[in-house]
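Each residue of the sequence shown is one higher than the last, beginning at 48 in this note's numbering. Using N, Cα and C, we set each Cβ at its ideal position, and we do this for glycine too. Predicted, not measured: the structure shown is a model, and the values here were computed from it. Working notes for the structure below.
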Amino acid sequence: MSLAIGGILLFALPLVLPSYLGAVCLS
Numbered sequence: 048m049s050l051a052i053g054g055i056l057l058f059a060l061p062l063v064l065p066s067y068l069g070a071v072c073l074s
């Protein structure tokens, strides 16, 4: 269970982080 969540996080983090940082810089 935790391994699946970790895999999802490792896959999603690089996709979410740039957009999150972009939103923080723009605001």
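Backbone CA spacing between residue i and residue j [nearest angstrom]
{"i": "residue 68", "j": "residue 62", "result": "11 Å"}
{"i": "residue 74", "j": "residue 60", "result": "21 Å"}
{"i": "residue 54", "j": "residue 72", "result": "28 Å"}
{"i": "residue 49", "j": "residue 64", "result": "21 Å"}
{"i": "residue 51", "j": "residue 66", "result": "23 Å"}
{"i": "residue 70", "j": "residue 56", "result": "20 Å"}
First through last residue of the alpha helix (DSSP H) which encompasses residue i
{"i": "residue 74", "result": "From DSSP, residue 74 is part of no alpha helix (DSSP H); its letter is neither H nor E."}
Cβ-based neighbour list, residue i, same chain, cut-off 8 Å, excluding 5 preceding and 5 following
{"i": "residue 58", "result": "none"}
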